[in-house]
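Quick note on numbering: the sequence shown equals residues 1 to 162 in full-length UniProt numbering. First comes the structure, then the notes that go with it.
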Amino acid sequence: MVKHPYKVHVWGAFCHQGPIGVALFTENMNSAKYREILQSQLLPNAYYAGYGWNFQQDNAPMHTAKLTHQFFVINNVPVIDWSANSPDLNPIENLWAILKGNVERRVNNWVMKKKSLGANDFQGIIQQEWDNIDKNLFFSLADSMSDRINMVIENNGYTINY
């Protein structure tokens, strides 16, 4: 794996129908940055999820901040209460692993061709790989939630391998 000096954060959301949005940024995430992303990515695109959608997020501090909570209330965003330690239940974690692998392959291929990889190139690769995710994968991951929940119930609430 090629190491690179670029720090890029990626926020993304999806539903059964496909991607809701993606944001690439280099600054640190805080509640203000999170709300900015939600305003620009989630709110204008949430209708893709259809009627009766719910927003799922982990319990990172910027997600649970008072101003973030107010943002959700003001904008009528229905947020699911989520367990603090449940990455096995969160389908976006599977998506991140796939995206990371695809980006790493592209970056390694780029470097093997002895091309210089700039910060803009790196962000471009991430965006292209997000855009190239098969829409069926979004459906499969969203659809896997009932299986994940049933597995946790069968496992008496303990971690599952998903």
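Virtual Cβ for every residue (Gly too), placed ideally from N, Cα, C.
Residue i vs residue j beta-carbon contact at 8 Å
| i | j | result |
| --- | --- | --- |
| Arg35 | Thr68 | yes |
| Phe138 | Pro44 | no |
| Gln123 | Leu24 | yes |
| Asp88 | Ile160 | yes |
| Trp82 | Asn59 | yes |
| Gly95 | Phe14 | Position check: residue 95 holds Leu in this sequence, whereas Gly was assumed. Contact flag set, yes. |
| Ala46 | Pro91 | no |
Rounded C-alpha distance that separates residue i from residue j
| i | j | result |
| --- | --- | --- |
| Val10 | Asn156 | 33 Å |
| Lys114 | Arg148 | 43 Å |
| Gly118 | Lys135 | 29 Å |
| Asp7 | Phe55 | The amino acid occupying residue 7 in the given sequence is Lys; Asp does not appear at that position. The alpha-carbon atoms of Lys7 and Phe55 are separated by roughly 27 Å. |
| Ile125 | Ser140 | 24 Å |
| Gln57 | Ile80 | 8 Å |
| Ile153 | Ser146 | 11 Å |
| Phe72 | Asn150 | 28 Å |
| Ala97 | Asn28 | 21 Å |
| Tyr51 | Gln70 | 22 Å |
6 Å Cβ shell around residue i - same chain, five flanking residues per side excluded
| i | result |
| --- | --- |
| Gln17 | Tyr48 |
| Tyr158 | none |
The ligand PLP heavy atom lying under 7 Å from the CB of residue i
| i | result |
| --- | --- |
| Leu43 | Of ligands this structure carries none, so the ligand PLP is not represented either. |
Of the residues the options, the one placed nearest residue i, counting alpha carbons only
| i | options | result |
| --- | --- | --- |
| Val77 | Arg106, Trp53 and Ile125 | Trp53 |
| Met62 | Asp143, Val111, Ser83 and Ala32 | Ala32 |
| Gly21 | Asn150, Glu154, Trp130 and Ile153 | Trp130 |
| Leu38 | Asp121, Gly50 and Asn75 | Asn75 |
| Lys66 | Asn30, Ile153, Met151 and Val152 | Asn30 |
| Thr26 | Asn120, Ser144 and Met151 | Asn120 |
Which residues DSSP lists as bridging residue i, in chain order
| i | result |
| --- | --- |
| Leu24 | Val10 |
| Val79 | Phe55 |
| Pro19 | Phe14 |
Proximal residues to residue i (C-beta, below 8 Å), its chain only, five neighbours per side dropped
| i | result |
| --- | --- |
| Gln41 | Trp11, Ala13, Ile20, Gly21, Val22 and Ala23 |
7 Å CB neighbourhood of residue i in its chain, flanking five on each side removed
| i | result |
| --- | --- |
| Val103 | Ile125, Ile126 and Glu129 |
| Arg106 | Ile125 and Glu129 |
| Gly101 | none |
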